[in-house]
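Numbering (this note's numbering), first residue to last: 1421 to 1514. Backbone N, C-alpha and C define an ideal beta-carbon position, used for all residues, glycine too. Here is the structure we will look at.
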Amino acid sequence: MQKTSYLFVLSLDGGEYYINQTQNLQHEIEQHYLGNKPDTNNRNPQLVWSERMTGEDSDLEKQVQYTRKMYQQDPDGMLYRLQSRLPLGGIIWG
């Protein structure tokens, strides 16, 4: 069964990122900002990327895992690669 979900990336203090998905982006981000999520509590989470996705649960989870793998391989290049998928290539760096 197809469902809609949002892939999101939060930047955290110390230069790390938190990557996950949710069906209710606004509620999820509010919970992170309010400190109600242990993984991001007291780490100043800031939303830096979100993308609406539609697909099977397994396909959506694969996209989350792929994004986490991009982060592990090249943390500095992860957002650049995500933004390059935007119309007009997103932010122009340099």
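- Spatial neighbours of residue 1452 in its own chain (CB-CB distance under 7 Å, excluding positions within 5 residues in sequence) are listed in chain order as 1430, 1460, 1465.
- Taken through DSSP and simplified to helix, strand or coil, residue 1497 comes out as helix.
- Residue 1423 sits in a strand when the DSSP states are folded into three classes.
- In this structure, residue 1426 sits away from residue 1491, with a CB-CB distance that is not shorter than 8 Å.
- For residue 1470, the three-state secondary structure derived from DSSP is strand.
- Judged by DSSP in its simplified three-state form, residue 1432 adopts coil rather than helix or strand.
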